[in-house]
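Worksheet for the structure shown next.
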Amino acid sequence: MFASTRPTVRRRALAASGTAAALALTLAACGSSNNDSSSMPGMDHGAKPSASASATASPSMGDMPGMDHMAAGNGLSDTKDGYRLTSTDTTLMAGMPAAYRFTVTGPDDKPGTAFALDQTKRMHFYAIRSDLTGFQHIHPTMAADGTWTANLSALDPGSWRLFASFTPDSGAGKGTAFVLSRTVTIPGTATKTPLPAAAKTAEVDGYTVTVKGEPMAGMEHPLTVTVTKDGKPVTDLQPYLDTYAHLTAFHESDTAFAHLHPTTKVNGDHGGPELSFNAELPTSGNWRLFLQFKTGGKLHTAALTLNVG
């Protein structure tokens, strides 16, 4: 376990210009470890599972859903402040489920075993292919020695980035949210899927998701998501990881990770049709957004491209 210290959560200062330092966004609900991920519509610009994504969420806005564990950074490193994401897996088999094993070592170089709950989970794990297809969001299981196992759905050939999002519950980083990542290669002939054009709406499982807002790089902007079905407002969204929706974003050029922070509080099984988020996307360009929400006990994942100026 990491040695005990006082929490060091801090809110990163926002940069005023479009070249501001990377600031991850946190939305309140992270996918489920077993069947909450890749086989849902809209997941590879509409379809298949991809492995890997890392993110750091930065602390902020205490009593909003999921707002106490935001991590700073873009998640593109396997090391931060003495914490390291380690794994012996550099390749995984194509076209079949894979168990990705990893550990998180602390400043003392020992595998950590004490992690705080964040949106009901001690570890959130994401996978995305380099063309932003195959999104997966799962919750790994940890063995007594600190080894985590993330059960990934079948992966297409190509380069994938795998992200681990966590908050140590002891040691020098206690209370600080981290997002670290590593890449893996899936052997075979990789076919790149072009990124869909920027759009304000997406369809999934008969639902229409509409995004309203004009985020600017490096600045906080409100973002509103509306969910409808057959032209009618949806008002039966169920809580999912202590929120009504989980929103994750990846940047087109480098797969940088961002979590969009939800501000809509949960009140029973009747969420919707509007959900509010605080968006702080660090860089301009195209971002691929993945919105996860639950109705009737089923998790839906909608994907769309958002252009940030």
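Taking this note's numbering, the leading residue of the sequence shown gets 1088, the next gets one more, and so forth. We treat Cβ as the ideally placed atom computed from N, Cα and C, and that holds for glycine. Bear in mind that the values here come from a model prediction, so they are computed numbers and not experimental data.
query, result
"Measure the alpha-carbon distance for arginine 1188 versus phenylalanine 1222 and round it to whole angstroms.", "18 angstroms"
"Rounding to the nearest angstrom, what Cα-Cα distance links valine 1191 and alanine 1181 in this structure?", "25 angstroms"
"Suppose you measure from the CA of methionine 1303 to the CA of threonine 1280; what does that come to, to the nearest Å?", "26 angstroms"
"Decide if glutamate 1301 is buried, meaning its Cβ has at least 16 other Cβ atoms within 10 Å, or exposed.", "exposed"
"Out of Thr1173, Ser1174 and Val1395, state which residue places its alpha-carbon closest to the alpha-carbon of methionine 1306.", "Val1395"
"Following the continuous beta strand (DSSP E) through histidine 1338, name the residue where it begins and the one where it ends.", "1333–1338"
"Under 8 angstroms: do the region 1239–1249 and the region 1196–1204 share three or more Cβ pairs, one atom per stretch?", "no"
"Closer than 8 angstroms, CB to CB, is alanine 1264 near chain D or not?", "Note that chain D does not occur in the displayed structure, where there is just one protein chain."
"In the structure shown, what three-state DSSP assignment does glutamine 1415 receive?", "Only positions 1088 to 1396 of the chain appear in the structure, and residue 1415 is not among them; the question remains open."
"Below 8 angstroms between beta carbons: does that hold for leucine 1282 and arginine 1375?", "yes"
"Please confirm whether proline 1320 and proline 1360 have their CB atoms less than 8 angstroms apart.", "yes"
"Nearest CA to the CA of threonine 1236: which residue from Phe1212, Thr1220 and Leu1328?", "Phe1212"
"Inspect the beta-carbon positions of valine 1312 and alanine 1332 and report whether they are closer than 8 angstroms.", "yes"
"What does DSSP give as the partner residue(s) for alanine 1390 in the beta ladder?", "Phe1377"
"When you compare only the Cα positions, how much space is there between arginine 1269 and arginine 1248?", "6 angstroms"
"What is the rounded straight-line gap between the Cα of serine 1137 and the Cα of isoleucine 1225?", "Caution applies to serine 1137, whose pLDDT of 34 falls short of 50 and renders its modelled position unreliable; the value that the coordinates give is listed next. Looking at the two C-alpha atoms, the distance is approximately 12 angstroms."
"By DSSP, does alanine 1134 sit in helix, in strand, or in coil?", "Bear in mind that the predicted position of alanine 1134 carries a pLDDT of just 36, short of 50, making it unreliable; the figure below should be weighed with that in mind. Three-state DSSP puts alanine 1134 in coil, outside helix and strand."
"Checking 8 angstroms against the spacing of the C-beta atoms, do glycine 1162 and valine 1266 come in under that value?", "yes"
"Helix, strand or coil: which one does DSSP assign to glutamine 1206?", "coil"
"Taking valine 1353 as the reference, which of Thr1278, Leu1362 and Leu1347 has the closest Cα?", "Leu1362"
"Any idea which residues DSSP pairs alanine 1181 with across the strands?", "DSSP lists no partner for alanine 1181."
"So if DSSP puts threonine 1278 in a beta bridge, which residue, or which two residues, is it bridged to?", "Paired residues: none, contrary to the question."
"Whose C-alpha, out of Leu1179, Thr1228, Thr1330 and Thr1322, is nearest the C-alpha of phenylalanine 1364?", "Thr1330"
"If you run the structure through DSSP and keep just helix, strand and coil, what is histidine 1357?", "coil"
"Does the distance from the CB of leucine 1391 to the CB of valine 1298 come in under 8 angstroms?", "yes"
"Is phenylalanine 1344 near the ligand MG - that is, is its Cβ less than 7 angstroms away from at least one heavy atom of it?", "No copy of the ligand MG appears in this structure; indeed no ligand is present at all."
"Excluding sequence positions up to five away, which residues of its chain have a Cβ less than 7 angstroms from the Cβ of threonine 1272?", "Thr1177, Thr1178 and Ser1246"
"Given this structure, state the Cα-to-Cα distance separating aspartate 1196 from threonine 1173, to the nearest angstrom.", "11 angstroms"
"From threonine 1288 to valine 1296, what distance separates their C-alpha atoms?", "5 angstroms"
"Can you look up asparagine 1161 in the DSSP assignment and give me helix, strand or coil?", "coil"
"Give the range of the beta strand (DSSP E) segment to which leucine 1347 is assigned.", "1344–1349"
"In the DSSP assignment, find the unbroken beta strand (DSSP E) run with proline 1309 in it and report its ends.", "1308–1316"
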